[in-house]
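>
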Amino acid sequence: MPTLAVRSLTLIATALVAAVLGWAGLDPLYDPEAGEPVWWPLSGFGAVLLVFGSRSLWPWMVGGLAAGATPVVLLYELNTVNVAGLVAGLCETLMIALLLRRARPRSAQDESLMDTVRVLACVLAGSAVASVVFAVIGSSGDRTIMSLWSEFARNHLLGLMVVSPCLAVSVSREELLVLLRNRRANLEWLAQIAVTAAAAALVFLTHQHLVGATILVLPLLWCSLRLGPLRTMAALVLVVTTAGIGTGHGPAQIAARESGTEGFMALQLSLGVLCLTAMVTSMAARLRERTMQLVHERTGDLNKAEQIAGIGSARWNPITGRTTWSEGLHLLLGTDPQQVRPSPEEYLTHIHPDDLERVTVDVGELAQRGEATTLEYRIVRTDREVRDVVLRSLAERRPGGNVSDVFTIVQDVTQARAADAALKRVHDELTAVLNAVTGTAIMGTSGPHGIISFFNVGAENLFGYRADEVIGTMDAWGVHAPGDLDRRDGTGADQRELIMEALARDGTYSGQHTFLRQDGSTFPGHLTITVQRLSDGTPRGFIGAITDLTSVLNARENLAESENRFRLAFDTSPMGMAIVSLSAADPGRFLRVNEALCEFAGVSAEYLLASGIGDFLRDDEHWEESMANLTDMMTGRRDTLVVERRLRRPAGGHHWGRLSVSAVRPDGDRDAYLIVLVEDITARMELTEQLQHEAAHDSLTGLPNRLHLHRQLDRELRERRTGYVAMLYLDLDGFKAVNDSQGHGAGDELLMQVADRIAASVRSSDVVARLGGDEFAVLCAGVPDIETAMRIGRSVLAAISREFDLSETRARVGASIGVAVAVDGDTGPELLHAADQAMYEAKRAGKGTVLFNERAR
164 MPTLAVRSLT
174 LIATALVAAV
184 LGWAGLDPLY
194 DPEAGEPVWW
204 PLSGFGAVLL
214 VFGSRSLWPW
224 MVGGLAAGAT
234 PVVLLYELNT
244 VNVAGLVAGL
254 CETLMIALLL
264 RRARPRSAQD
274 ESLMDTVRVL
284 ACVLAGSAVA
294 SVVFAVIGSS
304 GDRTIMSLWS
314 EFARNHLLGL
324 MVVSPCLAVS
334 VSREELLVLL
344 RNRRANLEWL
354 AQIAVTAAAA
364 ALVFLTHQHL
374 VGATILVLPL
384 LWCSLRLGPL
394 RTMAALVLVV
404 TTAGIGTGHG
414 PAQIAARESG
424 TEGFMALQLS
434 LGVLCLTAMV
444 TSMAARLRER
454 TMQLVHERTG
464 DLNKAEQIAG
474 IGSARWNPIT
484 GRTTWSEGLH
494 LLLGTDPQQV
504 RPSPEEYLTH
514 IHPDDLERVT
524 VDVGELAQRG
534 EATTLEYRIV
544 RTDREVRDVV
554 LRSLAERRPG
564 GNVSDVFTIV
574 QDVTQARAAD
584 AALKRVHDEL
594 TAVLNAVTGT
604 AIMGTSGPHG
614 IISFFNVGAE
624 NLFGYRADEV
634 IGTMDAWGVH
644 APGDLDRRDG
654 TGADQRELIM
664 EALARDGTYS
674 GQHTFLRQDG
684 STFPGHLTIT
694 VQRLSDGTPR
704 GFIGAITDLT
714 SVLNARENLA
724 ESENRFRLAF
734 DTSPMGMAIV
744 SLSAADPGRF
754 LRVNEALCEF
764 AGVSAEYLLA
774 SGIGDFLRDD
784 EHWEESMANL
794 TDMMTGRRDT
804 LVVERRLRRP
814 AGGHHWGRLS
824 VSAVRPDGDR
834 DAYLIVLVED
844 ITARMELTEQ
854 LQHEAAHDSL
864 TGLPNRLHLH
874 RQLDRELRER
884 RTGYVAMLYL
894 DLDGFKAVND
904 SQGHGAGDEL
914 LMQVADRIAA
924 SVRSSDVVAR
934 LGGDEFAVLC
944 AGVPDIETAM
954 RIGRSVLAAI
964 SREFDLSETR
974 ARVGASIGVA
984 VAVDGDTGPE
994 LLHAADQAMY
1004 EAKRAGKGTV
1014 LFNERAR
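The working numbering runs 163 ahead of the 1-based position in the sequence shown.
1. The alpha helix (DSSP H) with Val443 in it runs from where to where?
2. I'd like to know whether the C-beta atoms of Thr359 and Pro328 end up nearer to each other than 7 angstroms.
3. Exposed or buried, Thr636, counting other C-beta atoms within 10 Å across all chains shown (16 or more means buried)?
4. Cutting at 8 angstroms between CB atoms, please list the residues of its own chain near Val827, excluding the five before and the five after it.
5. Over the uninterrupted beta strand (DSSP E) stretch that includes Ile482, give me the two end residues.
6. Give the single residue among Tyr887, Val959, Ser964 whose Cα lies nearest to the Cα of Asp948.
7. With three or more beta-carbon pairs closer than 8 angstroms as the criterion, would you say the region 922-939 touches the region 865-877?
8. Return the Cβ separation of Ser673 and Thr654 in integer angstroms, given the expectation that the two are a contact with Cβ distance under 8 angstroms.
9. Classify Val501: buried if its beta carbon has 16 or more other beta carbons within 10 angstroms, exposed otherwise.
10. Helix or strand or just coil, what does DSSP make of Ser774?
11. Take Met890 as the anchor and find which of Leu960, Phe967, Gly908, Leu995 has the nearest alpha-carbon.
12. Using a 10 Å radius around the Cβ and a threshold of 16 neighbouring Cβ atoms, would you call Ser714 buried or exposed?
13. Do Cys254 and Val296 have their beta-carbon atoms positioned less than 7 angstroms apart in this structure?
14. So Ala293 packs on Met258, CB below 8 angstroms; how close in whole Å?
15. Whole alpha helix (DSSP H) runs in the region 856-926 with 4 or more residues, listed along the chain?
16. Can you tell me which residues form a DSSP beta bridge with Trp352?
17. Do you know offhand how far Val633's Cα is from Leu679's?
18. With a 10 Å radius around its C-beta and 16 neighbouring C-beta atoms as the bar for buried, classify Met224 as buried or exposed.
19. Pick helix, strand or coil for Val931, following the three-state DSSP scheme.
20. Going residue by residue through the region 536-580, where are the continuous beta strand (DSSP E) segments of at least 3 residues, counting only ones entirely within it?
21. Among residues of its own chain, excluding the 5 on either side of Glu539, which ones have a beta-carbon nearer than 8 angstroms to its beta-carbon?
22. Going by DSSP, what residue range makes up the beta strand (DSSP E) through His689?
23. How long is the line joining the alpha carbons of Leu179 and Arg265, rounded to whole angstroms?
24. Gly739 lies in the alpha helix (DSSP H); which residues open and close that run?
25. What would DSSP say about Gly674, mapped onto helix, strand or coil?
26. Sort out for me which residues DSSP pairs His513 with in a bridge.
27. Considering Cα atoms alone, identify which of Asp669, His817, Gln431, Asp711 is closest to Pro687.
28. Hey, out of Val984, Leu184, Asn242, Ser302, whose CA is closest to Ala229's CA?
29. By Cβ distance, which residues of its chain are closer than 8 angstroms to Leu880, with the 5 residues on each side in sequence left out?
30. Cβ atoms of Asp657 and Asp649: under 7 angstroms apart, would you say?
31. Can you tell which of Gly627, Asp568, Leu368, Asp591 has its C-alpha closest to the C-alpha of Thr486?
32. Between the C-alpha atoms of Asn598 and Val620, what's the straight-line distance to the nearest angstrom?
33. Report the residue from Val402, Met277, Asp682, Ala181 whose alpha carbon sits nearest the alpha carbon of Thr233.
34. Quick one: is His513 buried, meaning 16 or more other Cβ sit within 10 Å of its Cβ, or exposed?
35. Please report the Cβ distance between Gly209 and Thr256, rounded to the nearest whole angstrom; I am assuming they are in contact, meaning their Cβ atoms lie under 8 angstroms.
36. Quick one: using the 10 Å Cβ neighbour count with 16 as the cut-off for buried, is Pro829 buried or exposed?
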């Protein structure tokens, strides 16, 4: 249902156009001498509006016509005749629209020349009835009914004839858009309009009497034949408008018009004939264009059909020699239609040399009798490819029986012949294959009783019968074990009925049954039956395949037992186990976890199943390596992996685990997955770390020992950057006296406090080590100068020189410190020896001092 805005806009627009056209009919197109308009444009406009407008908008269109015409009538003169014209005009518009809605073609494909007759009949009927209404209502005074009827019929009928080209066709919105976008046709139409306007102006707007109105036929025929009905209607509007204006208001009226009513009516008749001619011509041209388009489409379809079917056709006149080839024949021969002239001689050049002689005879037979004795031969295309073809011909004869034309079809059967050969080869191979299949019984049956007609070697091996013992004598039901076919389903149907029902419904059946061998033993088997049909779809027999399921069922039982054992081993294993997805959609997701893995991770099974192995392996140090390993597992570059990782538990803390990962890649479409074993090695790793620490550190003071010092010293010498690498060698003075007098416990306590004071006196980057007994060393890397190393030594000496507060006594010791810096080529032991020598020099110099080894630097 149109909206109120659409309806209102329709009413207003219709009223405005109706007012303009009503004014045009009463003023510019009005002939004062005849006392009536030459033609009434509002009648044609109303008919076109209602015919092409939406039926739901008709009330608003009719209202607009009435609203637009009424003020014009009142403005000129309010009398009975004008009111009658208004009422009759609306009646005419409605009646013609209703008639044309039923009589016009529904689509462009339904158009025909009879549509012009139907349109004229509708126009005449509507105009005649409306003229009677006008004459009856408007009769008064000195105007007779006949004169009123004639006046209304003539100018309204002419108004309808002007738009008749538009009323006789069915134009869709898409076709209209195509017409408007056709730039070439629009330019030609503008030229035609200019010529038509010039000719109309010459005839109707000048004093000359030499050029008659018939000259207008030429531009109108131009438009009708080339530009279509819609543009023809526009040209007619231009012509009759010019005629109306020139007749009533021109300088000398129409040159060909005689004065008086007869001349006016002659003008209207001439214009009507002109409109009728234009309508019929435009309609004929439109139908011709559509016919040519249809012929072109059908010809194109035929050429495409020939290409698809591998067919070419030719027409040959044996008398004149005139020959035509279809595009399909050119394509078949590989020739260019623009360069090759069709002829029998040209065709013979493409015949295979071995077939040329008999084909030449065939061509002679075609010329004489129109029939060919040889129907199949070979051709050689221009690209030297050899093709097999079949020729069929049909002769057209004259009344005397002589051949006038021969129509020939050449069909490429190369693929068909190759298919026949392949089919025979496949049939032979299939027979060999069926007999070579020794593990599956294949049987064929024929006839309504299911008598066995084929029994392969596999069936002989499986059932123990020879083929000649069962073919033609035993039915297929006989290979079933007793009672197998008597089993019934829930509906009460036995196995025979179920099998036949499935074959009738689906054409195939598949199921498990128990079968009987010749020796009386039975075995489980899988039966598949397929219906064999004739070309018309009628069943002619069945093919059945029986596979022994004994090993399959045993394997299935073994598999179930194996899966149960795996499940028990998986669930009860003391080692953490998991199955991890390797699918592209969700790689790394846990599919299954056991209780041991949950205990190791410190979370529930639900937590792990909702996460992935990436979360489980969350280790900042090895994260990228773990993800790279997972990618390698997915892509198949790696199938196994064993790593040791320090894993962070979600609840806090860390555990060490040894992960053994193996990829399982099942056959078929199933996704690959990982089997992950996680061994808790936390205790072992902690013990290892403890042993490594004890091996590199002094057990009493906790300082690095000599081994650790040498490793660190070698690394500093190897990676020297800026500054000096200095070594301080320290030996306590007076320690033996404290150890002897106070005991080893006091001595050990003193050594621990000495270690603490040394560590507190050096830089944070310096390494303090106990070398053994009361000897210590300080490795100072990156010192800017020797004085800095000496200052560190003096700081250490000052810290040691202070009194020590032991558990049970107080003690005081001193120290002698030797300092050396590394020179080019020094090794760790050499630098340590140089500092040791400086320390001994300090002792000899009186102890309690720091001396520098002045070796060459």
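Even for Gly, the Cβ is constructed at its ideal location relative to N, Cα and C.
On the basis of the data shown:
1. Mapped onto the sequence shown, residue 443 falls at position 280. For Val443, the enclosing alpha helix (DSSP H) stretches over residues 424-472.
2. Numbered from 1 along the sequence shown, position 196 holds the residue referred to as residue 359. Numbered from 1 along the sequence shown, position 165 holds the residue referred to as residue 328. In this structure, Pro328 does not lie closer than 7 angstroms to Thr359 by Cβ.
3. Translated into positions along the sequence shown, residue 636 becomes position 473. It counts as exposed.
4. Residue 827 sits at position 664 when you count from the first residue of the sequence shown. Cβ contact annotation for Val827 (same chain, cutoff 8 angstroms, sequence separation greater than five): Ala835, Tyr836, Leu837, Ile838, in chain order.
5. Sequence index remark: in the sequence shown, residue 482 carries index 319 (1-based). Bounds of any beta strand (DSSP E) do not take in Ile482, whose DSSP letter is neither H nor E.
6. Taking the first residue of the sequence shown as position 1, residue 948 is located at position 785. Asp948 has its Cα closest to that of Tyr887, out of Tyr887, Val959, Ser964.
7. By the Cβ test, the region 922-939 is in contact with the region 865-877, since at least three Cβ pairs between them sit closer than 8 angstroms.
8. The residue given as residue 673 occupies position 510 in the sequence shown. The residue given as residue 654 occupies position 491 in the sequence shown. Actually they are not in contact, since the Cβ atoms of Ser673 and Thr654 sit about 19 angstroms apart, beyond 8 angstroms.
9. The residue you call residue 501 lines up with position 338 of the sequence shown. The question names Val, but residue 501 is Gln in the sequence shown. Counting Cβ neighbours within 10 Å, Gln501 comes out exposed, since fewer than 16 surround it.
10. As a position in the sequence shown, residue 774 is number 611, starting the count at 1. The answer is coil: DSSP assigns Ser774 none of H, G, I, E or B.
11. Looking up residue 890 in the sequence shown gives position 727. Per the Cα distances, Leu995.
12. For the purposes of this step, residue 714 is taken as residue 551 along the sequence shown, with counting starting at 1. Exposed, by the Cβ-count rule.
13. On the sequence shown, position 133 is the one that residue 296 refers to. On the sequence shown, position 91 is the one that residue 254 refers to. Going by C-beta atoms, Val296 is nearer than 7 angstroms to Cys254.
14. Counted from its first residue, the sequence shown places residue 293 at position 130. Counted from its first residue, the sequence shown places residue 258 at position 95. With 8 angstroms as the limit, Ala293 and Met258 qualify as a contact, their Cβ atoms being about 7 angstroms apart.
15. Whole alpha helix (DSSP H) segments, 4+ residues: 869-881, 898-905, 907-924.
16. On the sequence shown, position 189 is the one that residue 352 refers to. According to DSSP, Trp352 bridges with nothing at all.
17. Position 470 of the sequence shown, counting from 1, holds the residue named residue 633. Position 516 of the sequence shown, counting from 1, holds the residue named residue 679. Rounded to whole angstroms, Val633 to Leu679 spans 14 angstroms at the Cα level.
18. Here residue 224 is taken as the residue at index 61 of the sequence shown, counted from 1. Met224 should be labelled buried.
19. In the sequence shown, residue 931 corresponds to position 768, counting from 1. Note: Val931 maps to strand in three-state DSSP.
20. With a minimum length of 3 residues, the continuous beta strand (DSSP E) runs that stay inside the region 536-580 are 539-543, 549-560, 566-575.
21. To locate residue 539, count along the sequence shown from 1; it is residue 376. Closer than 8 angstroms at the Cβ level, and outside the excluded window around Glu539, lie Asp551, Val552, Val553, Leu554, Val576.
22. For this step, residue 689 is matched to residue 526 along the sequence shown. Residues 685-696.
23. As a first step, residue 179 must be located in the sequence shown, where it is residue number 16. As a first step, residue 265 must be located in the sequence shown, where it is residue number 102. About 29 angstroms.
24. Walking along the sequence shown from the start, residue 739 turns up at place 576. Run containing Gly739: none in the alpha helix (DSSP H); it sits in the beta strand (DSSP E), 739-744.
25. For this step, residue 674 is matched to residue 511 along the sequence shown. Gly674: strand per DSSP, three-state reduction.
26. Residue mapping note: residue 513 aligns to position 350 of the sequence shown, counting from 1. In the DSSP assignment, His513 is bridged to no other residue.
27. Here residue 687 refers to the residue found at position 524 of the sequence shown. Considering only alpha carbons, the answer is Asp711.
28. Working through the sequence shown from its first residue, we reach residue 229 at position 66. Taking only the C-alpha atoms, the option nearest Ala229 is Leu184.
29. The residue you call residue 880 lines up with position 717 of the sequence shown. Sequence-distant partners of Leu880 (beyond 5 residues in either direction) whose C-beta falls short of 8 angstroms from its own C-beta, in its chain, are Val888, Ala985, Asp989, Thr990, Gly991, Leu994.
30. As a working note, residue 649 is residue 486 in the sequence shown. As a working note, residue 657 is residue 494 in the sequence shown. The answer is yes: Cβ separation under 7 angstroms.
31. As a first step, residue 486 must be located in the sequence shown, where it is residue number 323. Residue nearest to Thr486 within the set Gly627, Asp568, Leu368, Asp591 is Asp568 (criterion: CA-CA distance).
32. For the purposes of this step, residue 598 is taken as the residue at position 435 of the sequence shown. For the purposes of this step, residue 620 is taken as the residue at position 457 of the sequence shown. The straight-line gap from Cα to Cα measures roughly 5 angstroms.
33. Locating residue 233 in the sequence shown gives position 70, where the first residue counts as 1. The residue from Val402, Met277, Asp682, Ala181 with its alpha-carbon nearest to that of Thr233 is Ala181.
34. Locating residue 513 in the sequence shown gives position 350, counting from the first residue. His513 is buried by the Cβ-count criterion.
35. As a first step, residue 209 must be located in the sequence shown, where it is residue number 46. As a first step, residue 256 must be located in the sequence shown, where it is residue number 93. Confirmed, about 4 angstroms.
36. Looking up residue 829 in the sequence shown gives position 666. Exposed: under 16 other Cβ atoms inside 10 Å.
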